[in-house]
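Asks: Numbering (the working numbering), first residue to last: 202 to 657.
Note that beta-carbon positions come from the ideal geometry of N, C-alpha and C, so glycine has one too.
Mind having a look at this structure? Questions to follow.
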């Protein structure tokens with residue numbers, strides 16, 4: 202492989218920037234451009250996992266004062282020789298240091314190429330590689346914990362265990378068919394059936410975790426819904442901790458959806474403030490109302506706001522009854538303007554708990570947080586060492602393996618010959634191999650790593 206380099210930190214004015222160099226000629230290149238401050242010893246002669254102070258030079262010109270980390274293969278991120286140049290964090294100086302490295306015949310790394318090399322060199326499997334980006338993209342504590350579990354090999358272990366059982370059964374069938382005199386298949390069908398049923402249960406649990414995994418990764422899609430002027434934008438601003446939406450006493454101020462991601466008690470909520478839902482002849486407002494209804498259809502959670510100072514109208518009751526089939530929390534806002542309302546009628550209508558809040562005075566928020574936590578964390582998204590699948594690619598591979606295992610059961614029920622079992626077992630084995638990278642083609646690998654950020 203050739204030697205590559207890239208800026209591995211954000212390109213902005215900061216304390217330091219890091220340029221990572223990886224490949225067989227790493228130290229030969231660094232010897233040409235790095236001048237140590239207190240020694241004549243070249244970097245190529247230094248011990249692994251040491252840091253050295255000096256200057257990056259382009260010929261006789263000093264580019265920057267730096268620290269350089271020396272890391273020798275195979276005990277590096279890429280399993281290749283790696284040098285990391287810690288330079289000053291200005292955009293201009295960082296670019297000039299990188300240009301100095303590239304002048305030595307080093308190639309600029311593609312997006313995700315360092316992690317791709319770690320995979321190709323056998324240091325990590327594909328599920329760990331994808332977990333690297335999940336760690337970087339994590340929006341909440343729970344998402345980070347789940348990504349770290351994947352990075353530490355939880356997915357690899359689970360998939361490897363399942364594949365081991367499948368290949369064991371396949372090998373036994375093949376051996377018995379090749380040598381029926383010494384290896385008997387008597388009673389094997391019942392044993393295989395029990396084993397496949399357990400495999401499908403484990404696969405189903407992983408597949409079912411994907412929806413919760415999506416919420417961990419992207420945040421719970423939370424739509425704030427209600428008629429005009431009930432305080433939806435005020436609630437968004439309060440939860441976001443900043444003035445994201447315009448708040449006025451004029452009904453219909455919000456004409457389009459406004460989105461903001463917030464973290465509440467360790468999990469991300471992807472909040473969407475919508476236009477007030479009412480009958481209107483205003484073309485722009487009508488479009489906003491339709492977008493609000495569409496957002497509600499796609500929501501994981503609906504926060505429905507009603508005005509505590511007003512009666513809930515029949516039209517509004519119909520809307521509330523429609524969202525009752527969704528995970529919803531009904532909020533009576535503006536309790537600072539009236540006596541505490543009786544919520545029993547509304548609870549009977551919706552079949553759900555009704556909370557009283559004041560977005561203006563920040564009253565009732567803790568109870569709202571408790572309700573969200575109970576609705577998602579304790580029952581569905583609590584992090585109790587359970588593994589959540591977060592990638593669509595992994596989910597599809599699991600689904601394919603689940604279907605292949607189902608075909609094995611159908612063949613057993615139909616009394617088909619044992620070689621039919623091994624065909625479907627191998628299909629399931631190969632499908633699971635796509636998750637860890639043991640059964641993927643080069644095009645898929647390239648597609649996966651193109652989604653990574655530069656320098657990683």
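(1) Name, in chain order, the residues that DSSP records as bridge partners for residue 208.
(2) Can you check which of these residues, 260, 531 and 426, is closest to residue 566 by C-alpha distance?
(3) Taking all protein chains shown into account, do 16 or more other C-beta atoms lie within 10 angstroms of the C-beta of residue 355, making it buried, or fewer, making it exposed?
(4) Who are residue 255's beta bridge partners in DSSP?
(5) In terms of alpha-carbon separation, which member of 430, 607, 422 and 563 lies closest to residue 464?
(6) How far does the beta strand (DSSP E) with residue 470 in it extend, from its first residue to its last?
(7) From 642, 651 and 224, pick the residue whose C-alpha is nearest to that of residue 279; which is it?
(8) Would you mind stating whether residue 228 and residue 209 have Cβ atoms separated by less than 7 Å?
(9) Do you know offhand how far residue 442's Cα is from residue 287's?
(10) Give the DSSP-derived three-state secondary structure of residue 562 in the structure shown.
(11) Please state the DSSP three-state secondary structure of residue 278.
(12) Can you find at least 3 beta carbon pairs, one from the segment 585 to 603 and one from the segment 630 to 640, that sit closer than 8 Å?
(13) Please state whether DSSP places residue 662 in a helix, a strand or coil.
(14) My output table needs one value for residue 431: the three-state DSSP class, helix, strand or coil.
(15) How about residue 298 and residue 316: are their beta carbons less than 7 Å apart?
(16) How far does the alpha helix (DSSP H) with residue 499 in it reach, from first residue to last?
(17) I'd like the span of the alpha helix (DSSP H) that includes residue 356, first residue to last.
(18) Please report the Cβ distance between residue 432 and residue 470, rounded to the nearest whole angstrom; I am assuming they are in contact, meaning their Cβ atoms lie under 8 Å.
(19) Based on Cα-Cα distance, which residue from 425, 393, 308 and 221 lies nearest to residue 197?
(20) Jot down the residue ranges of each uninterrupted beta strand (DSSP E) in the segment 392 to 430, minimum 3 residues, whole runs only, in chain order.
(21) So for residue 536, helix, strand or coil by DSSP?
(22) On the three-state DSSP scale, how would you describe residue 452?
(23) Would residue 497 be called buried (16 or more neighbouring beta carbons within 10 Å of its own) or exposed?
(24) Does the segment 378 to 391 touch the segment 344 to 355, meaning 3 or more C-beta pairs lie closer than 8 Å?
(25) How is residue 509 classed by DSSP in three states: helix, strand or coil?
(26) Quick check on the burial criterion: 16 or more other C-beta atoms within 10 angstroms. Buried or exposed for residue 526?
(27) Express the C-alpha separation of residue 440 and residue 501 in angstroms, rounding to a whole number.
(28) Write down the C-beta distance between residue 590 and residue 414 rounded to the nearest angstrom, noting that I regard them as a contact closer than 8 Å.
(29) If you count every other CB in all the chains shown that lies within 10 Å of the CB of residue 282, and 16 or more means buried, which is it?
(30) Taking the continuous alpha helix (DSSP H) assigned at residue 350, which residues delimit it?
(31) Going by other Cβ atoms of all chains shown within 10 Å of its Cβ, with 16 needed for buried, is residue 341 buried or exposed?
(32) Kindly identify the DSSP beta-bridge partner or partners of residue 462.
(33) Please determine if the segment 254 to 265 and the segment 314 to 330 are in contact, where contact requires at least 3 C-beta pairs separated by less than 8 Å.
(34) For the putative contact between residue 205 and residue 308, defined by C-beta atoms under 8 Å, what is the C-beta separation to the nearest angstrom?
(35) So is residue 369 buried or exposed if we call it buried at 16+ other beta carbons inside 10 Å?
(36) So the alpha helix (DSSP H) residue 303 belongs to, where does it begin and stop?
Replies: Walking through what the data contain:
(1) Checking the DSSP bridge columns, you'll see residue 208 partnered with 220.
(2) Comparing Cα positions, the closest option is 531.
(3) buried
(4) 237 and 267
(5) 422
(6) 468 to 474
(7) 224
(8) Result no, Cβ atoms of residue 228 and residue 209 do not sit closer than 7 Å.
(9) Taking the CA atoms as reference points, residue 442 sits about 36 Å from residue 287.
(10) DSSP, read as helix, strand or coil, puts residue 562 in coil.
(11) coil
(12) yes
(13) In the structure as shown, the chain starts at 202 and stops at 657, and residue 662 therefore has no counterpart that could be examined.
(14) coil
(15) no
(16) Run containing residue 499: none; DSSP gives neither H nor E here.
(17) 355 to 379
(18) Not quite, the Cβ-Cβ distance comes to about 17 Å (not below 8 Å), so this is no contact.
(19) Here the chain has residues from 202 to 657 only, and residue 197 is not among them.
(20) 421 to 426
(21) DSSP places residue 536 in helix when its eight states are reduced to three.
(22) Unreliable positioning characterises residue 452 in this predicted model, as indicated by a pLDDT of 42, which lies under 50. The coordinate reading is nonetheless provided below. In this structure, residue 452 counts as coil in the three-state DSSP scheme.
(23) buried
(24) no
(25) coil
(26) Answer is exposed; the Cβ neighbour count stays below 16.
(27) 17 Å
(28) 5 Å
(29) buried
(30) 342 to 352
(31) Buried, since its Cβ has 16 or more Cβ neighbours within 10 Å.
(32) 471
(33) The segment 254 to 265 is not in contact with the segment 314 to 330.
(34) 5 Å
(35) Classification for residue 369: exposed.
(36) 292 to 303
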